[in-house]
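To convert, count from 1 in the sequence shown and add 73; that's the numbering used here.
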Amino acid sequence: MPAERTSNASVPVPDGLRAMLQRFVVAVLRQGVTPQGLIPFAASYFNRLNLNEEGGGQRSSMTRVLFRDDVLGNGGTAGGEGSLSFGAAAAHRGSDISDDGEIASMQDFNKQKMRRRQSVSAESFDPSKADDTPETEVAFHKKDDEQLERLRKAVAGVFLFRSLDSTQLLKVLNALFEVDATPGQHIIDQGEDDADNFYVIESGIYDVYVKNEAQEPQHCWEYSNSGSFGELALMYNQPRAATIVARTPGKLWALDRQTFQRIVLKAAFKKRCIYMELIDNVETLAELTPYERQNLCDALQPRVFADGDVIVRQGDFADGLYFIESGEVVVTRSEDGEEKEVDRLDDGKYFGELALITQRPRACSVVANGDCKVAFLDVKAFERLLGPCVEIMKRNIDQYRHQLEKVFGQSHLLESTEL
Numbered sequence: 074m075p076a077e078r079t080s081n082a083s084v085p086v087p088d089g090l091r092a093m094l095q096r097f098v099v100a101v102l103r104q105g106v107t108p109q110g111l112i113p114f115a116a117s118y119f120n121r122l123n124l125n126e127e128g129g130g131q132r133s134s135m136t137r138v139l140f141r142d143d144v145l146g147n148g149g150t151a152g153g154e155g156s157l158s159f160g161a162a163a164a165h166r167g168s169d170i171s172d173d174g175e176i177a178s179m180q181d182f183n184k185q186k187m188r189r190r191q192s193v194s195a196e197s198f199d200p201s202k203a204d205d206t207p208e209t210e211v212a213f214h215k216k217d218d219e220q221l222e223r224l225r226k227a228v229a230g231v232f233l234f235r236s237l238d239s240t241q242l243l244k245v246l247n248a249l250f251e252v253d254a255t256p257g258q259h260i261i262d263q264g265e266d267d268a269d270n271f272y273v274i275e276s277g278i279y280d281v282y283v284k285n286e287a288q289e290p291q292h293c294w295e296y297s298n299s300g301s302f303g304e305l306a307l308m309y310n311q312p313r314a315a316t317i318v319a320r321t322p323g324k325l326w327a328l329d330r331q332t333f334q335r336i337v338l339k340a341a342f343k344k345r346c347i348y349m350e351l352i353d354n355v356e357t358l359a360e361l362t363p364y365e366r367q368n369l370c371d372a373l374q375p376r377v378f379a380d381g382d383v384i385v386r387q388g389d390f391a392d393g394l395y396f397i398e399s400g401e402v403v404v405t406r407s408e409d410g411e412e413k414e415v416d417r418l419d420d421g422k423y424f425g426e427l428a429l430i431t432q433r434p435r436a437c438s439v440v441a442n443g444d445c446k447v448a449f450l451d452v453k454a455f456e457r458l459l460g461p462c463v464e465i466m467k468r469n470i471d472q473y474r475h476q477l478e479k480v481f482g483q484s485h486l487l488e489s490t491e492l
């Protein structure tokens with residue numbers, strides 16, 4: 074008879090459990106899952122994770138675009154395939170939950186996976202090959218200034234649009250067309266396989282339903298006056314995995330499949346490749362797994378500064394971390410009315426991390442010396458994605474202290490403030 078465990082016996086925590094549960098909790102909070110929808114949401118979430126494992130890591134994730142294994146040059150993702158993942162990186166909400174709220178149930182996927190396996194691979198948009206394809210004309214829907222202003226506000230929080238430069242964003246804004254929603258109107262229906270639009274919500278409340286094993290729709294969560302959905306069916310030749318119904322009158326903006334693929338997905342792919350090369354050269358990030366690196370790449374936001382622009386101001390509270398993509402910055406500190414240069418940083422260097430770690434005001438200002446392009450990681454993404462690197466970054470505190478001591482001859486400069 075096995076011995077009973079004593080009350081103080083420790084139970085080993087399986088590797089990966091904390092990270093898995095954290096991603097699930099983030100997914101629940103991000104999607105605003107109601108108490109009634111928690112169980113079906115969890116069932117779909119973990120069923121999809123299990124299906125990914127059974128499939129040998131070949132994900133049917135709704136937030137991925139397939140491309141060749143050798144595109145990124147990093148041996149593929151943790152899932153074993155070369156792929157471009159948006160949702161997991163954006164919110165660290167798990168590989169199977171997308172901004173659009175479409176969760177493919179295990180039952181629906183099992184019905185489709187054998188029949189559609191070849192067509193999905195063949196017809197999924199491949200951004201790695203898009204460069205060889207001449208860019209075709211995209212749709213243009215004329216808008217007045219009032220519509221454009223409303224539209225800019227509506228798309229401001231759309232993660233997929235973060236990779237667009239100003240020219241690409243303008244093309245997308247011109248291609249979006251207005252859709253009026255009425256109460257009870259089905260915007261998308263689970264199972265439909267002729268999806269042609271991606272949707273951005275400007276106003277209105279929209280309910281999301283996913284069928285259970287008995288094929289009964291279960292209310293999982295809702296969108297309220299913001300959000301986006303519908304991208305996944307445009308990435309794959311795959312049916313919609315949820316039904317979204319307008320509860321109130323509302324307004325949506327729709328983007329056609331061709332524009333979404335040729336501009337939005339292509340830009341996201343290019344951004345991933347550029348940022349992967351950038352962070353591969355940052356020694357401090359060597360502790361990150363390939364999957365974590367991809368999440369980091371997708372969370373980075375491009376920012377451009379002209380000569381003399383103040384990127385970080387002494388005394389301000391930290392908003393994020395900056396990686397220098399190209400150009401040079403000058404680090405300065407003002408002490409007793411005198412401003413002195415502390416350091417210069419160029420391509421591949423980063424700054425702003427210590428104020429995030431210590432949660433203290435900036436000790437120095439950082440100014441662009443000529444045109445400068447940086448990749449910005451906001452404070453929330455920093456806390457979520459760079460945990461494995463924080464201890465290494467803390468070691469840099471002494472280095473910064475020595476630099477300031479050389480310039481100012483004081484040893485207390487980093488006691489109350491951090492760069």
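All residues carry an ideal CB built from backbone N, CA and C; glycine is no exception.
Note that this is a predicted model, so its numbers are computed, not measured.
Here DSSP, grouped into helix, strand and coil, assigns Tyr309 to coil. Within the DSSP bridge table, the entry for Ser276 names Lys324 as partners. Membership of Leu394 in the beta strand (DSSP E) is indicated by the continuous run Gly393 to Ser399. Per DSSP, Thr316 is one residue of the beta strand (DSSP E) stretching across Thr316 to Ala319. With a cutoff of 9 Å on beta-carbon distance, Gln263 and Ala314 are scored as near each other. CA-to-CA, the gap between Val452 and Leu429 works out to about 7 Å. Judged by pairs of C-beta atoms under 8 Å, the segment 347 to 354 does not touch the segment 317 to 331, as fewer than three such pairs exist. Secondary structure note for Ser239: its alpha helix (DSSP H) is the uninterrupted segment Ser239 to Ala248. Taking the Cα positions, Gly89 is about 14 Å away from Leu361. Distance from the CA atom of Thr321 to the CA atom of Val106, rounded to whole angstroms, is 19 Å. Your pair Asp329 and Ala248 checks out as a contact, with CB atoms roughly 7 Å apart and the cut at 8 Å. When secondary structure is reduced to three states using DSSP, Gln288 falls in the coil class, being assigned neither helix nor strand. Judged by beta-carbon spacing, Ala327 lies within the 9 Å limit of Phe271, meaning their Cβ atoms are closer than that value. Leu307 is positioned such that its CB atom lies no closer than 9 Å to that of Ala254. Residue pairing for Ala441: DSSP places it in a beta bridge opposite Val402. In this structure, the alpha-carbon of Glu414 lies about 14 Å from that of Val385. Counting C-beta atoms within 10 angstroms of its own C-beta, Arg96 has 16 or more neighbours from the protein chains shown and is therefore classed as buried.
Between Leu458 and Asn368, the alpha-carbon positions lie close to 7 Å from each other. DSSP links His259 through a beta bridge to Val318.
The beta-carbon distance between Phe234 and Leu242, rounded to whole angstroms, is 6 Å. This is short enough to meet the 8 Å contact definition.
Less than 9 Å divides the Cβ of Pro434 from the Cβ of Gly388. With a contact defined as Cβ atoms closer than 8 Å, Cys445 and Val402 qualify at about 6 Å.
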